[in-house]
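Number of protein chains: 2
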Amino acid sequence: MSDQTLFNVAVVGATGAVGEQILRLLAERDFPIQSLKLLSSARSAGTKIPFKGQELTVEEATPESFEGVEIALFSAGGDVSRALIPHAVRHGAVCIDNTNAYRMDPETPLVVPEVNIDKISGHKGIIANPNCSTIQMVAALKPLYDRFGISRIIVSTYQAVSGAGAKAINEMLRQSREVLNGNEANPDILPVGSLPVKHQIAFNVIPQIDKFQDNGFTLEEMKMIKETKKIMGDDSIEVTATCVRVPVVYGHSESVYVELKEEFDIGEVKALLADAPGVTLVDDPENQRYPLATDAAGRNDVFVGRVRRDLSNPRALNLWIVSDNLLKGAAWNAVQIAEYIAIPQA
Amino acid sequence: MSDQTLFNVAVVGATGAVGEQILRLLAERDFPIQSLKLLSSARSAGTKIPFKGQELTVEEATPESFEGVEIALFSAGGDVSRALIPHAVRHGAVCIDNTNAYRMDPETPLVVPEVNIDKISGHKGIIANPNCSTIQMVAALKPLYDRFGISRIIVSTYQAVSGAGAKAINEMLRQSREVLNGNEANPDILPVGSLPVKHQIAFNVIPQIDKFQDNGFTLEEMKMIKETKKIMGDDSIEVTATCVRVPVVYGHSESVYVELKEEFDIGEVKALLADAPGVTLVDDPENQRYPLATDAAGRNDVFVGRVRRDLSNPRALNLWIVSDNLLKGAAWNAVQIAEYIAIPQA
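And the structure:
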């Protein structure tokens, strides 16, 4: 790869849970880097982070941080993306944004490489990375959509606390210790850091991820509904979501009911899933094999199992879809997009 | 209540998690007891259990244990019920069975008092208590069924480990301590005690409850599908279930999508749920109030929230239904049935 074009790369939110995984993947994938700039809030600036044997110092992200940057990966929250991405674009960077800031912007492609990588060619400096719970679902459903069409999706999620950041992981582990010791959980972060009411997550499940909208759905549920249509490029797909936080550290699980437009052979469905890029079929009920969050943690793939024909609707299927929310759900999907930009033949 | 008829009562499985709750409820409800016989396997016989200031000794359950018994509550597993209930019936007892042994027997009423208490009059010595995850769902859906009709239910569950017995609770707590201390979880009981493959439940979710059937559904899922139709007395209701074990001690949660036969006013739906017997509506998104397993634990009611009109189907609703699986899901439903037998005016 010695004659490969090298890029000036910036990672914004380098000290966060997703930023950490992005850096690990950039090193592991030997991403063609000319220079690497680690950016964060003023509070984390000065942190030293090892990268391929060097020690890099995190700098405070400012509008001028992006001078000379060609590819910028953002995972520091929607407010940071909204404030800084226009400046990064002005400096000529292609921004891959992990936040909700630009996902539904009609000018911004919303990309899961296994589904719609062709959309990156239309970008105007920003490519949005979808919500974690959406990415794994559309990656698994894409081969079924292509073969049979999809009319309706009804999904209930079992989402890991790492989706709410490192603080939520610490809170869940701390609460678990407290409850095991017979003490109060004293919730402090979840379900939503910026909202006043807190609920125990240790040994509990919480049917709220992100804020409630006027229609009674949460923002997380609306993300799954809207982003699925945009990524699939098909507004006719009807989607219903119920998003639930569970006391798991890494790995979102999803119970998905999907109505296809045609009747299907269940063997063909399994074969399509087994062959799909980025998808691993784990489906052997006789030997009690199905995807588990603990098995998916630390792996890039989307795992699918419990594949079964619905008993009441011959065009419907039930699936169980699991993936590491920090990897395919965030860092890995972003690095995949960066590879498609940097290495056109990828 | 001094002139009340008193009954000779037996509790089979008195030392188990459900038996313990049955005894607590019989005492708390001041059930009209003439004599109380506590029965169990040979292994637990001899255990002393306090009841209303007395100390009772558990005896081994045998076919002749039921001589003179008028009401027998069984929660010692399907095999014990199949072996002993015919003898209890022969001795003239009315048996309330918490196991799966007789639920789908056409001669046996399957009863949730809020839904079909009228069915107990047809019993031939056996009344079956439905599966925990079914009971809470049908209790919540009954008022909607009566008012609008129901054509389809799609449910994904978040089921507590106590549904698999005291050993599963201990296993989940032990595994949690091990994982928090950086050790292996060493699974030993779940997902199904009698099957060879074990999976970690601490900080994980397992999409298997009970054994797999040839159609790819688990027995737990098939119970929800079949029992719902039988309890509602309506085979036309289409039901799909995905049953998942979560690391919660007490309280099953359910994400339920339900298609009604008519369009509805969402305010009327909430009013019907608020007025339904045995149901408590907890639905205030603005103040982040919705049912939680930790709040439902130790309470008899079924809690319903996250009530919202589906965005893609004007006849469909989404609900979040939570109840203590050992209480309304088992012991309380059984004691309710016993009260209807013992106290006809109840």
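Heads up: the sequence lines are chains W and U, in that order. The first sequence begins at 1407 in my numbering and counts up by one. The second sequence begins at 1407 in my numbering and counts up by one. Backbone N, C-alpha and C fix where the C-beta goes; we use that ideal spot for every residue, glycine too. As the structure is a prediction and not an experimental result, all values here were calculated from the model.
Three-state class that DSSP yields for residue i in the structure shown
i: W/K1629; result: helix
i: W/R1449; result: coil
i: W/H1493; result: helix
i: W/T1563; result: strand
i: U/N1739; result: helix
i: U/F1618; result: strand
i: U/G1711; result: strand
i: U/L1723; result: strand
i: U/C1649; result: coil
i: U/N1589; result: coil
i: U/L1733; result: helix
i: U/Y1663; result: strand
i: U/N1610; result: coil
i: U/D1511; result: coil
i: W/A1534; result: strand
i: W/F1472; result: helix
i: W/R1435; result: coil
i: W/V1685; result: strand
i: U/A1570; result: helix
i: W/I1749; result: coil
i: W/R1695; result: strand
i: W/N1506; result: coil
i: U/R1430; result: helix
i: W/P1456; result: strand
i: U/K1604; result: coil
Own chain partners of residue i with C-beta closer than 8 Å, once the 5 adjacent residues on each side are dropped
i: W/I1526; result: P1515, V1517, I1533, I1743, Y1746 and I1747
i: W/A1752; result: Confidence at W/A1752 is low in this model, with a pLDDT of 47, below 50, so the placement of that residue should be treated as unreliable; the coordinate-derived value is given next. Contacts found: E1745 and Y1746.
i: U/D1707; result: G1684, V1685, T1686, S1729 and K1734
Best match in the options for proximity to residue i [C-alpha to C-alpha]
i: W/Q1606; options: W/M1578, W/M1628 and W/G1599; result: W/M1578
i: W/R1449; options: W/T1505, W/L1479, W/T1540 and W/T1421; result: W/T1421
i: U/N1504; options: U/A1482, U/L1625, U/I1749 and U/S1471; result: U/A1482
i: U/V1598; options: U/N1621, U/D1641, U/S1582 and U/G1571; result: U/G1571
i: U/L1547; options: U/E1470, U/N1693, U/L1666 and U/K1458; result: U/L1666
i: W/I1556; options: W/M1638, W/I1502 and W/A1494; result: W/M1638
i: W/P1512; options: W/K1636, W/H1497, W/L1479 and W/Y1696; result: W/K1636
i: U/V1645; options: U/E1626, U/H1658, U/V1654 and U/S1659; result: U/E1626
i: W/T1624; options: W/T1648, W/D1730 and W/E1470; result: W/T1648
i: W/G1484; options: W/H1497, W/N1506 and W/R1496; result: W/N1506
i: W/K1530; options: W/D1524, W/V1500 and W/P1683; result: W/V1500
i: W/F1554; options: W/F1480, W/R1430 and W/L1679; result: W/L1679
i: W/L1545; options: W/A1494, W/G1684, W/F1472 and W/V1664; result: Inspection of the sequence shows that residue 1545 of chain W is occupied by Ala rather than by Leu. That would be W/G1684, whose Cα lies nearest to the Cα of W/A1545.
i: U/W1738; options: U/I1502, U/V1495, U/S1446 and U/I1491; result: U/I1502
i: W/V1561; options: W/I1631, W/K1617 and W/N1589; result: W/I1631
i: W/A1574; options: W/S1539, W/N1587 and W/I1615; result: W/I1615
i: U/V1721; options: U/N1693, U/V1664 and U/I1523; result: According to the sequence displayed, residue 1721 of chain U carries Arg and not Val. It is U/V1664 whose Cα lies nearest to the Cα of U/R1721.
Same chain, Cβ closer than 7 Å to residue i, neighbours up to 5 away in sequence not counted
i: W/R1509; result: L1516, A1534, P1536 and E1633
i: W/D1594; result: E1577 and K1604
i: W/V1404; result: Missing from the structure shown is residue 1404 of chain W; chain W here goes from 1407 to 1752 and no further.
i: W/L1732; result: A1423, V1424, Q1427, S1568 and Y1656
i: U/A1608; result: M1578, Q1581, S1582, V1585, A1591 and P1653
i: U/M1628; result: Q1619
Whole-angstrom C-beta distance between residue j and residue i, which should lie under 8 Å
i: W/V1521; j: W/V1418; result: Between W/V1418 and W/V1521 the Cβ distance is about 25 Å, and since that is not below 8 Å, they are no contact.
i: U/I1541; j: U/G1735; result: 5 Å
i: U/G1704; j: U/W1726; result: That pair is no contact at about 19 Å.
i: W/E1465; j: W/L1444; result: 7 Å
i: U/L1479; j: U/F1457; result: The Cβ separation is near 14 Å, so there is no contact.
Same chain, Cβ closer than 6 Å to residue i, five either side skipped, listed in chain order
i: U/T1468; result: none
i: W/V1652; result: Y1564 and V1611
i: U/M1407; result: Bear in mind that a pLDDT of 46 at U/M1407, under 50, signals an unreliable position, so the number given afterwards is only what the model happens to contain. Hits under 6 Å: none found.
i: U/N1414; result: Q1440, S1441, G1474, V1475 and E1476
i: U/P1613; result: V1650
i: U/V1519; result: Note that residue 1519 of chain U corresponds to Pro in the displayed sequence, not to Val. The residues are Q1742.
i: W/K1454; result: E1461 and T1463
Contact with chain C by residue i, beta-carbon distance below 8 Å
i: W/L1601; result: Note that chain C does not occur in the displayed structure, where the protein chains are W and U.
Problem - Where the segment 1576-1588 of chain W meets chain U: residues whose CB sits under 7 Å from a CB there - result: L1579, S1582, R1583 and L1586
Exercise for the section: Scan the segment 1701-1727 of chain W for residues whose Cβ lies nearer than 8 Å to a Cβ of chain U and list them as they occur along the chain. Expected result: G1711, R1712, V1713, R1714, R1715, D1716, L1717, S1718, N1719, A1722, N1724 and W1726
Handout entry: Residues of the segment 1539-1558 of chain U with Cβ closer than 9 Å to any Cβ of chain W, in chain order
Key = R1558
Problem - Contact set between the segment 1608-1619 of chain U and chain W, restricted to residues whose Cβ is under 8 Å from the partner - result: F1609, N1610, V1611, I1612, P1613, Q1614 and F1618
Exercise for the section: Check distances from the C-beta atoms of the segment 1620-1642 of chain W to those of chain U and list, in chain order, the residues that come in under 7 Å. Expected result: N1621, G1622, F1623 and I1631
Problem - Proximal residues, the segment 1726-1746 of chain W versus chain U, C-beta separation under 8 Å - result: W1726
Exercise for the section: Output, in sequence order along the chain, the residues in the segment 1653-1673 of chain W whose CB is closer than 7 Å to any CB in chain U. Expected result: P1653, V1654, V1655, S1659, S1661 and Y1663
Exercise for the section: Below 7 Å between beta carbons is the criterion; list the residues of the segment 1407-1440 of chain U that meet it against any residue of chain W, in chain order. Expected result: none
Practice task
Output, in sequence order along the chain, the residues in the segment 1560-1575 of chain W whose CB is closer than 7 Å to any CB in chain U.
Solution key: I1560, S1562 and Y1564
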